[in-house]
Amino acid sequence: PVGLIWFRRDLRLADNAALYHALQQCEKLYCVFVFDDSILGGLPQADRRVEFICQSLTELDQALRSAAGRPEAGLITRRGLPQHIIPALAQQLDAAAVFCNDDDEPSALARDAQVERSLQSQGQLLLRFKDHRIFARDEVLTQSLSPFSVFTPYKNAWLRKITPFYLSSYPSERDLRTKLADRPEAERRPIPTAAELGFAPGTLNGLRLPTGIGGARRLLADFLPRLPQYKTARDYPALKGPSYLSVHLRFGTVSIRELARIAHESMQREDWDAQAREAAATWLSELIWRDFYFQILAHHPHVVERSFKPAYDAIAWETGPEAEALFAAWCEGRTGYPLVDAAMRQLSSSGYMHNRLRMVAASFLVKDLGIDWRRGEAWFAEQLNDFDLAANNGGWQWAASTGCDAQPWFRIFNPVTQSQKFDPEGRFIARYVPEVARLAPGLRHAPWLARPLELAEAGISLGHSYPYPVVEHAAAREKTLARYGILKPKS
Ligand code: FAD
Numbered sequence: 006p007v008g009l010i011w012f013r014r015d016l017r018l019a020d021n022a023a024l025y026h027a028l029q030q031c032e033k034l035y036c037v038f039v040f041d042d043s044i045l046g047g048l049p050q051a052d053r054r055v056e057f058i059c060q061s062l063t064e065l066d067q068a069l070r071s072a073a074g075r076p077e078a079g080l081i082t083r084r085g086l087p088q089h090i091i092p093a094l095a096q097q098l099d100a101a102a103v104f105c106n107d108d109d110e111p112s113a114l115a116r117d118a119q120v121e122r123s124l125q126s127q128g129q130l131l132l133r134f135k136d137h138r139i140f141a142r143d144e145v146l147t148q149s150l151s152p153f154s155v156f157t158p159y160k161n162a163w164l165r166k167i168t169p170f171y172l173s174s175y176p177s178e179r180d181l182r183t184k185l186a187d188r189p190e191a192e193r194r195p196i197p198t199a200a201e202l203g204f205a206p207g208t209l210n211g212l213r214l215p216t217g218i219g220g221a222r223r224l225l226a227d228f229l230p231r232l233p234q235y236k237t238a239r240d241y242p243a244l245k246g247p248s249y250l251s252v253h254l255r256f257g258t259v260s261i262r263e264l265a266r267i268a269h270e271s272m273q274r275e276d277w278d279a280q281a282r283e284a285a286a287t288w289l290s291e292l293i294w295r296d297f298y299f300q301i302l303a304h305h306p307h308v309v310e311r312s313f314k315p316a317y318d319a320i321a322w323e324t325g326p327e328a329e330a331l332f333a334a335w336c337e338g339r340t341g342y343p344l345v346d347a348a349m350r351q352l353s354s355s356g357y358m359h360n361r362l363r364m365v366a367a368s369f370l371v372k373d374l375g376i377d378w379r380r381g382e383a384w385f386a387e388q389l390n391d392f393d394l395a396a397n398n399g400g401w402q403w404a405a406s407t408g409c410d411a412q413p414w415f416r417i418f419n420p421v422t423q424s425q426k427f428d429p430e431g432r433f434i435a436r437y438v439p440e441v442a443r444l445a446p447g448l449r450h451a452p453w454l455a456r457p458l459e460l461a462e463a464g465i466s467l468g469h470s471y472p473y474p475v476v477e478h479a480a481a482r483e484k485t486l487a488r489y490g491i492l493k494p495k496s
């Protein structure tokens, strides 16, 4: 039979579940990627992720042609609605089945259900496989077979269940030479660029963010020698601590099985000392958070719109012109709190934000400015290269205390203390907030506490060259405690 592989968030050939199964079951395979108008339509005019996808698809296309040994056997790309395109293409190519990797996001489930119905009405199948997480929604459950809503017991159950079976790679590159079919003449077009898709130039090419399968390999190779220090380095944004692989996990240019296997094996390496093994365990734990939030979204799709804990929907957030002005100051990195501003500027200039700073910046919006976490979630969704609905929503609900296993609502990050603790020399601040870079390191956390002479020597005119804090933390904290206080009797 003939098969059609529909690539989505799995832009690689190695260790790809759908590709592996298609190779097992079909004699002849076509490959397609659809630029989905319902997604593209909601993106900003210039979007680094579209550029990332186009460049990664170009590499995937080349990988397909070289695996087949023929330029005719590359990737078919189309633009429109997959609900129309996939069934029509499957019919045109006379495919018995469309193979893809599954996706539990509510909009993806609805789309896939529609595609499946159309295919079925034509006598064709949609076959979906687990690929981008280690355990699917129902694979790690409590003893009473319900989903976990607290991370640590979920993680413990995850670790009890893990075996080499779940971590081993699919040999999905075998037989490509003989099975990849030549594309019909009309489909032998180069991969479109972001400009050809109607996007304004974004900043991806100015960043040092390698794209595609090759880019993921480079980042991984760069990270592995640093893995033994991960536990200590990961919390300091001025250091090169984490892997920076999130965008590659998002688009599937690297396999989660490969990463989790490396982490799991490293945890047990006898040639590593206890500290290095612990670092590997910590990194694995982060990868488990990713699985955790995927299963939360799958079991509780209401989190897309509402609080995980319904009582928290009663919280009254700040609205009106003053709140709008504060929200704009937060987005643009001019709150007067240098670490928050540095974080927000890192986000808008690079599309990345360090994990510690995501927590600090999110907490600041919700608990210092009193603004609805959904506004911040939406801003991150627009800006983050690695934006993933499940992790972003989980992170925001954690920070807002509205989520599963969230930060208790009465624990409120102090943006200055966080700054002193996690950017002690103000190096990260200096990188993104040059206005305060000439202050002595210890003063960069809270310039308003500097003496007039110190400010003058550093060339700072507060309120002009750099803002005064938009809110006073201690007062904001009291307001937040009162705001959340309505929950007290129930929580
Ligand atoms: P590493 O430290 O190298 O971690 C390895 C991988 O583990 C990451 O690539 C990521 O896939 C996963 N991971 C790490 N921490 C988490 C976590 N807390 N939750 C889920 N997965 C995690 N991550 C996203 O991938 N997309 C998002 O849209 C996203 N939004 C977030 C929003 C907020 C408010 C917060 C607090 C966190 C968010 N995170 C998100 C989680 C985390 O900040 C990023 O995954 C991490 O900073 C990515 O950098 P890295 O690849 O260098 O991470």
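Add 5 to the 1-based position in the sequence shown for full-length UniProt numbering, that's all there is to it. Quick reminder that beta carbons are idealized off the backbone N, C-alpha and C, glycines included. As the structure is a computational prediction, the values presented were derived from the model and not from experiment.
Problem - Per-residue DSSP class, three states only, for L486 - result: Position 481 of the sequence shown, counted from the first residue, corresponds to residue 486. In the structure shown, L486 falls within a helical segment according to DSSP collapsed to helix, strand and coil.
Problem - Presumed contact (8 angstroms Cβ cut-off) between L370 and W322, rounded CB distance - result: On the sequence shown, position 365 is the one that residue 370 refers to. On the sequence shown, position 317 is the one that residue 322 refers to. No, L370 and W322 are not in contact; Cβ-Cβ is about 10 angstroms, not under 8 angstroms.
Handout entry: Minimum C-alpha distance to W414 - residue among I491, N397 and S354
Key = Against the sequence shown, residue 414 aligns to sequence position 409. Of I491, N397 and S354, the residue nearest in Cα terms is I491.
Practice task
Return yes when at least one heavy atom of the ligand FAD lies under 6 angstroms from the C-beta of F392, else no.
Solution key: As a first step, residue 392 is located in the sequence shown; it is residue number 387 there, counting from the start. Because some heavy atom of the ligand FAD lies under 6 angstroms away, the Cβ of F392 counts as near it: yes.
Exercise for the section: Could you spell out the range, first to last residue, of the alpha helix (DSSP H) harbouring A72? Expected result: Along the sequence shown, read from residue 1 onward, the residue named residue 72 stands at position 67. First-last of the alpha helix (DSSP H) with A72: R53 to A73.
Practice task
Please classify residue 1: does DSSP put it in a helix, a strand, or coil?
Solution key: This structure cannot speak to residue 1, because the chain is shown only from 6 to 496.
Practice task
Determine the closest residue to H450 out of P439, Q425 and A461, with distance taken between C-alpha atoms.
Solution key: Position 445 of the sequence shown holds residue 450. Among P439, Q425 and A461, the Cα nearest to that of H450 belongs to Q425.
Practice task
In the DSSP assignment, find the alpha helix (DSSP H) that holds V252 and state where it starts and stops.
Solution key: As a first step, residue 252 must be located in the sequence shown, where it is residue number 247. From DSSP, the alpha helix (DSSP H) with V252 extends over S251 to F256.
Problem - Spatial distance of F156 from F297 (CA atoms) - result: Locating residue 156 in the sequence shown gives position 151, counting from the first residue. Locating residue 297 in the sequence shown gives position 292, counting from the first residue. Counting only the Cα atoms, F297 lies some 7 angstroms from F156.
Practice task
Let me know if K495 comes out buried or exposed under the rule of 16 or more other beta-carbons within 10 Å of its beta-carbon.
Solution key: Stepping through the sequence shown from its first residue, residue 495 is reached at position 490. Any answer about K495 is weak, because its pLDDT of 49 lies below 50 and its placement is not dependable; what the coordinates show is given next. Exposed, by the Cβ-count rule.
Exercise for the section: Mind the definition here: the stretch 270-290 touches the stretch 442-462 only if three or more C-beta pairs lie below 8 angstroms; say whether that holds. Expected result: With a cut-off of 8 angstroms, the stretch 442-462 and the stretch 270-290 do not count as touching, because too few Cβ pairs lie within range.
Problem - Alpha carbon of V7 to alpha carbon of K160, nearest angstrom - result: For the purposes of this step, residue 7 is identified with residue 2 of the sequence shown, where counting begins at 1. For the purposes of this step, residue 160 is identified with residue 155 of the sequence shown, where counting begins at 1. Rounded to the nearest angstrom, the gap between the Cα atoms of V7 and K160 is 40 angstroms.
Practice task
Any chance you could list the beta strand (DSSP E) runs of at least 3 consecutive residues sitting entirely within the stretch 108-186, in chain order?
Solution key: Segments of the beta strand (DSSP E) lying fully in the stretch 108-186: 130-134.
Problem - Run of the beta strand (DSSP E) containing C336, from where it starts to where it stops - result: Locating residue 336 in the sequence shown gives position 331, where the first residue counts as 1. Per DSSP, C336 lies in no beta strand (DSSP E) segment; the continuous alpha helix (DSSP H) that holds it begins and ends at P326 to E337.
Handout entry: Nearest-angstrom beta carbon gap, V365 and L352 [assumed within contact, 8 angstroms]
Key = For the purposes of this step, residue 352 is taken as the residue at position 347 of the sequence shown. For the purposes of this step, residue 365 is taken as the residue at position 360 of the sequence shown. Incorrect: roughly 12 angstroms between the Cβ atoms, too far for contact.
Exercise for the section: Please classify F170: is it buried, with 16 or more other beta-carbons within 10 angstroms of its beta-carbon, or exposed? Expected result: Position 165 of the sequence shown, counted from the start, is the residue given in the question as residue 170. Looking at its Cβ environment, which holds fewer than 16 other Cβ atoms inside 10 Å, F170 is exposed.
Practice task
Please list, in chain order, all residues of the same chain as E56 whose beta carbon is under 6 angstroms from its beta carbon, the five residues on each side excluded.
Solution key: Here residue 56 refers to the residue found at position 51 of the sequence shown. Excluding sequence neighbours, E56 sits near A199, G207 and L209.
Problem - Residues near E382 in its chain [Cβ-Cβ closer than 7 angstroms; skip 5 each side] - result: Here residue 382 refers to the residue found at position 377 of the sequence shown. Excluding residues within five positions, the ones whose Cβ falls inside 7 angstroms are N397, N398 and W401.
Practice task
Look up N360 in the DSSP assignment and say whether it is helix, strand or coil.
Solution key: In the sequence shown, counting from the first residue as 1, residue 360 sits at position 355. In the three-state reduction of the DSSP assignment, N360 falls in the helix class, which pools H, G and I.
Exercise for the section: Under the assumption that E263 contacts S174 (Cβ atoms under 8 angstroms), give the Cβ distance between them as a whole number of angstroms. Expected result: Counted from its first residue, the sequence shown places residue 263 at position 258. Counted from its first residue, the sequence shown places residue 174 at position 169. For E263 against S174, the beta-carbon gap comes to about 6 angstroms, under 8 angstroms, which counts as contact.
Practice task
May I ask you to check if the CB of L292 is nearer than 6 angstroms to at least one heavy atom of the ligand FAD?
Solution key: By 1-based counting over the sequence shown, the position of residue 292 is 287. L292 Cβ: within cutoff of the ligand FAD.
Handout entry: Beta-carbon proximity of L9 to L98, cut-off 7 angstroms
Key = Taking the first residue of the sequence shown as position 1, residue 9 is located at position 4. Taking the first residue of the sequence shown as position 1, residue 98 is located at position 93. Against a cut-off of 7 angstroms, the Cβ pair of L98 and L9 comes out as a contact.
Problem - Beta-carbon contacts of S123 that lie in its chain and below 6 angstroms, excluding the five residues immediately before and after - result: Position 118 of the sequence shown, counting from 1, holds the residue named residue 123. Excluding positions up to five away in sequence, the list reads P92.
Exercise for the section: Could you tell me if Y489 is buried or exposed, where buried requires 16 or more neighbouring beta carbons within 10 angstroms of its beta carbon? Expected result: As a working mapping, residue 489 is identified with position 484 in the sequence shown. Burial call: buried.
Practice task
Assign Y473 to one of two classes, buried (16 or more other C-beta atoms within 10 Å of its C-beta) or exposed (fewer than that).
Solution key: Within the sequence shown, residue 473 is the residue found at index 468, counting from 1. With a threshold of 16 other beta carbon atoms within 10 Å, Y473 falls short and is exposed.
Handout entry: Contact check, V103 vs A113, beta carbons under 7 angstroms
Key = Residue mapping note: residue 103 aligns to position 98 of the sequence shown, counting from 1. Residue mapping note: residue 113 aligns to position 108 of the sequence shown, counting from 1. For V103 and A113, no; Cβs fall outside 7 angstroms.
Handout entry: Of the listed residues Y25, N21 and R54, nearest to A386 (C-alpha basis)
Key = Here the question's residue 386 lines up with position 381 in the sequence shown. The residue among Y25, N21 and R54 with its C-alpha nearest the C-alpha of A386 is R54.
Exercise for the section: Alpha carbon to alpha carbon, how far is P176 from A27? Give it in angstroms, no decimals. Expected result: Counted from its first residue, the sequence shown places residue 27 at position 22. Counted from its first residue, the sequence shown places residue 176 at position 171. Taking the straight line from one Cα to the other gives about 12 angstroms.
Exercise for the section: Compute the Euclidean distance between the alpha carbons of residue 3 and R138, then round it to the nearest angstrom. Expected result: Past the boundaries of the shown model lies residue 3; the chain is included only from 6 to 496, so the question cannot be answered.
Exercise for the section: Quick one: measure Cβ to Cβ for C105 and W163, integer angstroms, because I've assumed they're closer than 8 angstroms. Expected result: For the purposes of this step, residue 105 is taken as residue 100 along the sequence shown, with counting starting at 1. For the purposes of this step, residue 163 is taken as residue 158 along the sequence shown, with counting starting at 1. That pair is no contact at about 25 angstroms.
Exercise for the section: Compare the beta carbon distance of P306 and P111 with 7 angstroms and say whether it is the shorter of the two. Expected result: What you label residue 306 is simply residue 301 of the sequence shown in a count that begins at 1. What you label residue 111 is simply residue 106 of the sequence shown in a count that begins at 1. Yes, Cβ-Cβ distance for P306 and P111 is below 7 angstroms.
Problem - Under the three-state DSSP convention, the category Y35 falls into - result: Counting from one through the sequence shown, the residue named residue 35 turns up at place 30. Strand.
Handout entry: Cross-strand partners of V103 (DSSP beta bridge)
Key = Your numbering for residue 103 matches position 98 in the sequence shown. Paired residues: L9 and L131.
Handout entry: Proximity test, Y249 beta-carbon vs the ligand FAD heavy atom, cut-off 6 angstroms
Key = If you number the sequence shown from 1, residue 249 lands on position 244. Checking the Cβ of Y249 against the ligand FAD gives yes.
Practice task
Could you tell me the distance, in whole angstroms, from the CA atom of A23 to the CA atom of A405?
Solution key: Position 18 of the sequence shown, counted from the first residue, corresponds to residue 23. Position 400 of the sequence shown, counted from the first residue, corresponds to residue 405. When only Cα atoms are considered, A23 and A405 end up about 37 angstroms apart.
Exercise for the section: Go through its chain and collect everything with a Cβ distance to I196's Cβ below 8 angstroms, but skip five positions before and after it. Expected result: Counting from one through the sequence shown, the residue named residue 196 turns up at place 191. If we look at I196 and ignore the five residues flanking it on each side, its Cβ neighbours are C59, L62, T63, D66, L80 and T82.
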